[in-house]
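Engineer: In the working numbering, the protein residues as written are 409 to 844. Quick reminder that beta carbons are idealized off the backbone N, C-alpha and C, glycines included. The structure that follows is given in the form of structure tokens.
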Amino acid sequence: MKWLAYLSAFMTTRYRRFQTREALLAYQERYIKKHLTYVERFSPFFKQGIDLTQVSMDKSFMMAHFDALNTVGIKKADAFNLAIDSERSRHFSPTINSISVGLSSGTSGHRGIFLTSPEEQATWAGTILAKLLPRKPLLGHQLAFFLRANNNLYEQVNSPFLTLHYYDMSQAITSHLDSLNQLQPSILVAPASVLCQLASFQETGDLTIAPQKIISVAEVLEVKDRDYIASVFKQDIIHQIYQATEGFLGYTCDQGRIHLNEDGIRFEKEYIDDKRFYPIITDFKRKSQPFLRYRLNDILVDSQEECPCGSVLQVIEKIEGRSDDIFYFETEQDETISIYPDFIRRCLLFIDGVREYQVSQLSKQVLEIATNELTEKQQAEIISEFQNLFKTYHIKPVTLTFTPYQLQKDQKLKRICQKMPISEQHLGDYYEKIND
């Protein structure tokens, strides 16, 4: 059954082409109706029927109603205990009644649990391989995979197409260099921060690999990091997988555009401004843990372009960050203004010689900028960029403090980091959203 699901997902995803958006939307509607029938039958929470117009889910809702929502009879306490034991032991193969349990990293401050059945794992593996394997060669790839935690889900990609080699991020990167040099992976998958570290070892000659494809996961891929990784490893494109607890949400095509996985998930858009939106997803292929009109706090930037690759799947310009990466300031009119992560990034984007950094908001009046050693000229340029930003939006004076940059290997890298107490982030009744 697993191999049938695997091959079916691979073949249909790899070779099926929707000719029009209308054909895609009709396909979604057909599968959603079928999926809702299943969920109504097996999810205790939805026994009374489902009116999708009345459904509204997010992570806190999922965790609050976990026992009743899932269709496989797993209790939240049991799932948490198994996931935490796996994290501590670094053994990720145990299951509950054949259902794999994973723990999200809690980037937004709230840890979540995800469940996958063997058939769902096979479908996921077939789908992700279909979208991310190079066109040629198709077989025999060696994939080096860096992530905080492994999971039975990821192991499902092992096949004649490729062999997955998991590298534990809780160990020092230097401890993996000999193995990587010996393996000579054709595909390298890792968070952006790890890819940057590997690139630095490649520059010094401690690492000597030549992957055919590099894929960034789990963290926002900054422009400077992307360009650095591409330059060192001689890649035209650094690909991205948009993967979360909530599923495999998007991928980079061969033309370098990010597509949303609309052939398995319906995306609705809650617009923040004319381009940015929060995705609301309905996964119509995931049965063990229903995600119906589930609101993510990722900030995606819309794109209206048609992709040269020919796919009708929605293109997005980028994954900008999360709602909890937004900075809040007071204007000269005593109003609260929200500044999106991209505007903060731009203040460092064009400063020569500054690649490693983190900007944290400590209060509405204080930003902390962590960087490597700066020259007086670089620091003055950074201050000038921020002053221009504050002037443009009539923001009251903000103090910039500088501190040494340190990479936290046990945490996801966030270049833009909101550290204000929640109670201070939304003062006032007026919130201005700024646009490009």
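1. Candidates Leu704, Met828, Tyr748 and Ile791: which alpha carbon is nearest Ser464's?
2. What's the C-alpha gap between Lys822 and Gln648?
3. Give the secondary structure of Ser516 by DSSP, where H, G and I count as helix, E and B as strand, and everything else as coil.
4. Taking Arg425 as the reference, which of Leu657, Gly718, Phe737 and Leu757 has the closest Cα?
5. So what does DSSP say about Thr428, is it helix, strand or coil?
6. For Ala598, which of helix, strand or coil comes out of DSSP?
7. Whole angstroms is fine: what's the gap from Ser516's alpha carbon to Pro698's?
8. Looking only at DSSP bridge pairs, what is Leu523 linked to?
9. Taking buried to mean at least 16 other C-beta atoms within 10 Å of its own C-beta, is Ser497 buried or exposed?
10. Taking all protein chains shown into account, decide if Lys799 is buried (16 or more other Cβ within 10 angstroms of its Cβ) or exposed.
11. If we require 4 or more residues per run, which alpha helix (DSSP H) segments fall completely within the segment 577-639?
12. Where does the unbroken alpha helix (DSSP H) through Gln786 begin, and where does it stop?
13. Report the CB separation of Lys726 from Ile666 in whole angstroms; it is logged as a contact under 8 angstroms.
14. Among the residues of its own chain, which have a CB less than 7 angstroms from the CB of Ile824, if the five just before and after it don't count?
15. Could you tell me whether the segment 580-592 touches the segment 609-624, where touching means 3 or more Cβ pairs closer than 8 angstroms?
16. Use the C-beta contact count for Phe692: other C-beta atoms within 10 angstroms, 16 or more gives buried, fewer gives exposed.
17. Is Tyr446 closer than 9 angstroms to Leu540 when the C-beta atoms are compared?
18. Can you look up Tyr904 in the DSSP assignment and give me helix, strand or coil?
Structural biologist: In short, the structure shows the following:
1. One-based indexing of the sequence shown puts residue 464 at position 56. When each option's Cα is compared against that of Ser464, the closest is Leu704.
2. On the sequence shown, position 414 is the one that residue 822 refers to. On the sequence shown, position 240 is the one that residue 648 refers to. Each residue's alpha carbon lies about 16 angstroms from the other.
3. In the sequence shown, the residue the question calls residue 516 occupies position 108. Because Ser516 carries a pLDDT of 47, less than 50, the predicted location of this residue cannot be relied on, and no value is offered for it.
4. One-based indexing of the sequence shown puts residue 425 at position 17. Looking at the Cα atoms, Gly718 is the closest of the given residues.
5. Taking the sequence shown and counting its residues from 1, one reaches residue 428 at position 20. Note: Thr428 maps to coil in three-state DSSP.
6. As a first step, residue 598 is located in the sequence shown; it is residue number 190 there, counting from the start. In the structure shown, Ala598 sits in a strand (DSSP, three-state: E or B).
7. If you number the sequence shown from 1, residue 516 lands on position 108. If you number the sequence shown from 1, residue 698 lands on position 290. Reliability fails at Ser516, whose pLDDT of 47 lies under 50, so the model's placement of it is uncertain and the value that follows must be treated cautiously. As the crow flies, the alpha-carbon of Ser516 is around 21 angstroms from that of Pro698.
8. Numbered from its first residue, the sequence shown carries residue 523 at position 115. DSSP lists Val509 as partners of Leu523.
9. Translated into the one-based positions of the sequence shown, residue 497 becomes position 89. Classification of Ser497: exposed, given that the 10 Å Cβ count is below 16.
10. To locate residue 799, count along the sequence shown from 1; it is residue 391. A residue is called buried once 16 or more other Cβ atoms fall within 10 Å of its Cβ, and Lys799, having fewer, is exposed.
11. 585-591 and 600-612
12. Walking along the sequence shown from the start, residue 786 turns up at place 378. From DSSP, the alpha helix (DSSP H) with Gln786 extends over Glu784 to Thr800.
13. Taking the sequence shown and counting its residues from 1, the one referred to as residue 726 is at position 318. Taking the sequence shown and counting its residues from 1, the one referred to as residue 666 is at position 258. The Cβ separation is near 7 angstroms, so the contact holds.
14. As a working note, residue 824 is residue 416 in the sequence shown. Take Ile824, set aside five residues on each side of it, and the residues of its chain with a beta-carbon closer than 7 angstroms to its own are Gly729, Asp733, Pro749, Ile752, Arg753 and Val767, in chain order.
15. yes
16. On the sequence shown, residue 692 is found 284 positions in, with the first residue counted as 1. So Phe692 counts as buried.
17. As a first step, residue 540 must be located in the sequence shown, where it is residue number 132. As a first step, residue 446 must be located in the sequence shown, where it is residue number 38. For Leu540 and Tyr446, no; Cβs fall outside 9 angstroms.
18. Only positions 409 to 844 of the chain appear in this structure, which leaves residue 904 out of reach.
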